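Protein chains in written order, with numbering that gives the first Met the number 0: chain X, 0 to 248; chain V, 0 to 381.
We put the beta carbon where it would ideally sit given N, CA and C, even for glycine.
Here the structure is a predicted model, which means the values were calculated and not measured.
Report on one structure; see the data block that follows.
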Amino acid sequence: MSDKKTNIIEISELNKWYGDFHALKNINLNIKEGEIIVVCGPSGSGKSTLIRCVNFLEKFQEGSILVSGTELTDDAQKIRKIRSEVSMVFQHFNLFPHLTIVDNLTLAPIWVHSETKQEAREKALKLLDRVGIKDQAEKYPNQLSGGQQQRVAIARSLCTNPKIMLFDEPTSALDPEMISEVLEVMVELAREGITMICVTHEMGFARKVANRIIFMDDGQIVEENDPENFFNNAESERLQLFLNQILTH
Amino acid sequence: MPVFDQQETRKPPISQIGAVLWLKTNLFSSWINTILTFGSLYLLYIMIPPLLNWMIFDASFSFGTINFFGFEIKFSEEMATNDNCGRVGACWPYIYEKLYMYTYGFYPRTETWRPNTVFALTGLLFVIVPLVKNYKYKNRVTISLIILYPLISYVLIAGGFGLLTPVATDQWGGLLLTLIIASVGIIVSFPIGVLLALGRQSNLKVIKLFSTLFIEFIRAVPLITILFMASFVLPLFLESGNYFDKLLRALIGIALFQAAYFAEVVRGGLQAIPRGQYEAADAIGLSYFQKNVLIILPQALKISIPNIVGSSISLFKDTTLVLIIGLFDMLAMVNLTSNDPYWLGRETEGFVFVTMVMWAILYTMSRYSRKLELRFNTENKN
Numbered sequence: 000m001s002d003k004k005t006n007i008i009e010i011s012e013l014n015k016w017y018g019d020f021h022a023l024k025n026i027n028l029n030i031k032e033g034e035i036i037v038v039c040g041p042s043g044s045g046k047s048t049l050i051r052c053v054n055f056l057e058k059f060q061e062g063s064i065l066v067s068g069t070e071l072t073d074d075a076q077k078i079r080k081i082r083s084e085v086s087m088v089f090q091h092f093n094l095f096p097h098l099t100i101v102d103n104l105t106l107a108p109i110w111v112h113s114e115t116k117q118e119a120r121e122k123a124l125k126l127l128d129r130v131g132i133k134d135q136a137e138k139y140p141n142q143l144s145g146g147q148q149q150r151v152a153i154a155r156s157l158c159t160n161p162k163i164m165l166f167d168e169p170t171s172a173l174d175p176e177m178i179s180e181v182l183e184v185m186v187e188l189a190r191e192g193i194t195m196i197c198v199t200h201e202m203g204f205a206r207k208v209a210n211r212i213i214f215m216d217d218g219q220i221v222e223e224n225d226p227e228n229f230f231n232n233a234e235s236e237r238l239q240l241f242l243n244q245i246l247t248h
Numbered sequence: 000m001p002v003f004d005q006q007e008t009r010k011p012p013i014s015q016i017g018a019v020l021w022l023k024t025n026l027f028s029s030w031i032n033t034i035l036t037f038g039s040l041y042l043l044y045i046m047i048p049p050l051l052n053w054m055i056f057d058a059s060f061s062f063g064t065i066n067f068f069g070f071e072i073k074f075s076e077e078m079a080t081n082d083n084c085g086r087v088g089a090c091w092p093y094i095y096e097k098l099y100m101y102t103y104g105f106y107p108r109t110e111t112w113r114p115n116t117v118f119a120l121t122g123l124l125f126v127i128v129p130l131v132k133n134y135k136y137k138n139r140v141t142i143s144l145i146i147l148y149p150l151i152s153y154v155l156i157a158g159g160f161g162l163l164t165p166v167a168t169d170q171w172g173g174l175l176l177t178l179i180i181a182s183v184g185i186i187v188s189f190p191i192g193v194l195l196a197l198g199r200q201s202n203l204k205v206i207k208l209f210s211t212l213f214i215e216f217i218r219a220v221p222l223i224t225i226l227f228m229a230s231f232v233l234p235l236f237l238e239s240g241n242y243f244d245k246l247l248r249a250l251i252g253i254a255l256f257q258a259a260y261f262a263e264v265v266r267g268g269l270q271a272i273p274r275g276q277y278e279a280a281d282a283i284g285l286s287y288f289q290k291n292v293l294i295i296l297p298q299a300l301k302i303s304i305p306n307i308v309g310s311s312i313s314l315f316k317d318t319t320l321v322l323i324i325g326l327f328d329m330l331a332m333v334n335l336t337s338n339d340p341y342w343l344g345r346e347t348e349g350f351v352f353v354t355m356v357m358w359a360i361l362y363t364m365s366r367y368s369r370k371l372e373l374r375f376n377t378e379n380k381n
């Protein structure tokens, strides 16, 4: 990573509790523009919580997060501005089942970014073409397979020209034969220079496109490294154990 | 490694399909069901023939000269009186004679074209709305209909404004009044109910508290109490000059009552929406208002359609309670007309007739709800 690029996300001293449960402990993380970050770790380690803090789906109690220079606070106006720059892809797609595929895509451009219906629709069809499901544009989400739905969800989050994409275990709810079609779309996105933070267990994907891989356990960042060193020279015992568990079967 | 041939698809065995199977599974699946089946058949056997005899075979349908909606209808030379009608079967000429009262109450006979126009407009509405579904300006048409229809209906029925002879609300009655109370009650209470439901789910403590208190208070009180309050207690608190219409007071009471019930029905729908929908709406940057109007409510209301219609149907039936505060709806008209000295003792015909009218209206509502459900069902479309 060249140091000339500026930090697009700056997380410092982030602490979050669910009731008494300390979910995130002193997280410090800077992400540069265009960086691809993969976050992995055992379940319950706080990785989803961390990326959900970045677009303020989760509130946090201590520390600060700056997204392109704007600090996340309770201010609804600011939150909406940040959310229009940060898109999110969910584990369970969360498409809007009462709208057609193309209407799912055009919703935010029309209502949040005040584009005309015509513009939004053209762009939506282009994006659907890019993820390979243009012919399904007029169908409803539940008429599509899981893999197709997730590709629609990715297209939907691209519709607002985000600077940052957050992926929250995008392939965990998919049947095995559909995982690769979604990963292919993600790999292509990664090559286009958009900033991405992916929570995923797809280590092949991480190896291929990540600039940095972050290993979390028990609400903390345990280790972060480039893919080469992450997989071959794991320092902490916990990461070695984790890699053993997910890579050997 | 063994390789298997592809199997041909076959029809199921004959004992597993058709009428015999249907009988076996639905009527005679166990000995208890068999007893129940024969018991029900016996009950039908002792009930249906007398009912048909009374309603049709022993009934008089035509005799004498009848005043039907202001028209003289002459069936025979006999006098159209109670005694001529006989007591074994039903006396339907009584219903023809009183049909005007059942429909319009004391509405002036010279002005009946006005409610009739409103009935016709209402029918037309059900024809127009599906027709403009794909029309380019359908939103404008819908909005103008929403504003114009109640306005025109009100002007036509109430009169005044220097256009038509005013007809005071105590002259409205019968089916006309029933329909007015039910439709105004349902239409006014629905948006209030939706707001209350959202209020009860709100993060703002004051709004949540107010909504919850309102809903729980109203739901803990019978409709009769609210009607009494609106009719007799409310005027005590108002200055004597501010006496306002009895019907209006009843309508306000009914709308508030129904709003609380709609609120609970809609809240049920809201709770069925997965959290992911809220999160996705938040994540794409929608405001609270946009999130609810574009994403949450369309889904929540769709789930709630059967309950919304169910609740509306109960309200429609509950409108008959306005009788106790001195408004003469369709059911009250049965009591009133049975006091006619020429037609004493004919309540049964009246009640049977009103039952049939109510049933026809409510069954239509319930079918319509089923149709709406199917039309909006995008989740399971294949």
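By the 10 Å Cβ neighbour count, where 16 or more other Cβ atoms means buried, how is Asn93 (chain X) classified, buried or exposed?
buried
Contact the region 121–140 of chain X vs the region 321–334 of chain V: 3+ CB pairs below 8 Å:
no
Excluding the 5 residues flanking Leu293 (chain V) on each side, which residues of the same chain have their C-beta closer than 8 Å to its C-beta?
Ala280, Leu285
Between the C-alpha atoms of Asn115 (chain V) and Trp171 (chain V), what's the straight-line distance to the nearest angstrom?
13 Å
Which residues, taken in chain order from the region 151–165 of chain X, show a beta carbon closer than 9 Å to some beta carbon of chain V?
Ala152, Arg155, Ser156, Cys158, Thr159, Leu165
Would you be able to state if there are at least three C-beta pairs under 8 Å between the region 165–182 of chain X and the region 196–204 of chain X?
yes
Please say whether Ala209 (chain X) and Ile36 (chain X) have beta carbons closer to each other than 9 Å?
yes
Grab the span of the beta strand (DSSP E) containing Tyr260 (chain V) for me, first residue to last.
Counting along the chain, Tyr260 (chain V) falls outside any beta strand (DSSP E), though it belongs to the alpha helix (DSSP H) covering 245–270.
Thr347 (chain V) versus Ala58 (chain V): straight-line alpha-carbon distance, rounded:
13 Å
Ala233 (chain X) (DSSP reduced to helix, strand or coil):
coil
Starting from Gln276 (chain V), follow the alpha helix (DSSP H) in both directions and report where the run begins and ends.
274–282
Taking the straight line between their C-alpha atoms, what separation do you get for Ala189 (chain X) and Ser67 (chain X)?
19 Å
Proximal residues to Ala172 (chain X) (C-beta, below 6 Å), its chain only, five neighbours per side dropped
Gln90, His91
Which residue from V:Glu372, V:Ala282, V:Lys316 puts its Cα closest to that of Arg82 (chain X)?
V:Ala282
Taking 9 Å as the threshold (beta carbon to beta carbon), is Ser86 (chain X) in contact with chain V?
yes
Between the beta-carbon of Val101 (chain X) and the beta-carbon of Ile213 (chain X), is there less than 9 Å?
no
Taking Cβ positions, are Met329 (chain V) and Val356 (chain V) nearer each other than 9 Å?
yes
Distance, Trp53 (chain V) Cα to Val391 (chain V) Cα:
The structure shown does not extend to residue 391 (chain V), since chain V is modelled only from 0 to 381, so the question has no answer here.
Check Gly68 (chain X) in the structure and name its three-state DSSP category.
coil
Just list the alpha helix (DSSP H) runs in the region 158–191 of chain X, keeping only unbroken ones of 4 residues or longer that don't cross its boundaries, in chain order.
175–190
Please name the residue, chosen from V:Phe216, V:Gly325, V:Ile94, that lies closest to Val353 (chain V) on a Cα-to-Cα basis.
V:Ile94
Please classify Leu217 (chain V) as buried or exposed, where buried requires at least 16 other C-beta atoms within 10 Å of its C-beta.
Looking at the sequence shown, residue 217 (chain V) is not Leu but Ile. Buried, because 16 or more other Cβ atoms sit within 10 Å of the Cβ of Ile217 (chain V).
I want to verify the contact list: residues of chain X whose CB lies under 7 Å from the CB of Pro297 (chain V), in sequence order.
His97
Of all Cβ atoms in chain V, is any one closer than 9 Å to the Cβ of Ala136 (chain X)?
no
Count the other C-beta atoms from every protein chain shown that fall within 10 angstroms of the C-beta of Pro108 (chain X), then say buried if there are 16 or more, exposed otherwise.
buried
Count the C-beta pairs between the region 220–236 of chain V and the region 269–276 of chain V that are closer than 8 Å, then say yes if the count reaches three, no if not.
no
Closer than 9 Å to chain X by CB, Ile13 (chain V):
no
How about Glu278 (chain V): is its C-beta nearer than 9 Å to some C-beta of chain X?
yes
At which residues does the beta strand (DSSP E) containing Leu23 (chain X) begin and terminate?
20–31
Selected residue, minimal CA-CA separation from Asn291 (chain V), among V:Asn81, V:Asn25, V:Val265:
V:Val265
How many whole angstroms separate the CB atoms of Lys31 (chain X) and Thr69 (chain X), which I take to be in contact at a CB cut-off of 8 Å?
About 17 Å separates the two Cβ atoms, so there is no contact after all.
Taking C-beta to C-beta, are Lys24 (chain X) and Asp174 (chain X) nearer than 9 Å?
no
According to the neighbour-count rule (16 or more other Cβ atoms, all chains shown, within 10 Å of its Cβ), is Lys15 (chain X) buried or exposed?
buried
Mind checking Glu220 (chain X): buried by the 16 CB within 10 Å criterion, or exposed?
The sequence given here has Ile at residue 220 (chain X), not Glu. It is buried - the Cβ of Ile220 (chain X) has at least 16 other Cβ atoms within 10 Å.
Can you list the residues of chain V that Trp16 (chain X) reaches, using a CB-CB cut of under 8 Å?
Near Trp16 (chain X) there are no residues of chain V at all, since even the closest Cβ is about 19 Å away, more than 8 Å.
Identify the contact partners of Ser286 (chain V) in chain X, using a Cβ-Cβ distance below 9 Å as the criterion.
Ala75, Arg79, Trp110, Val111
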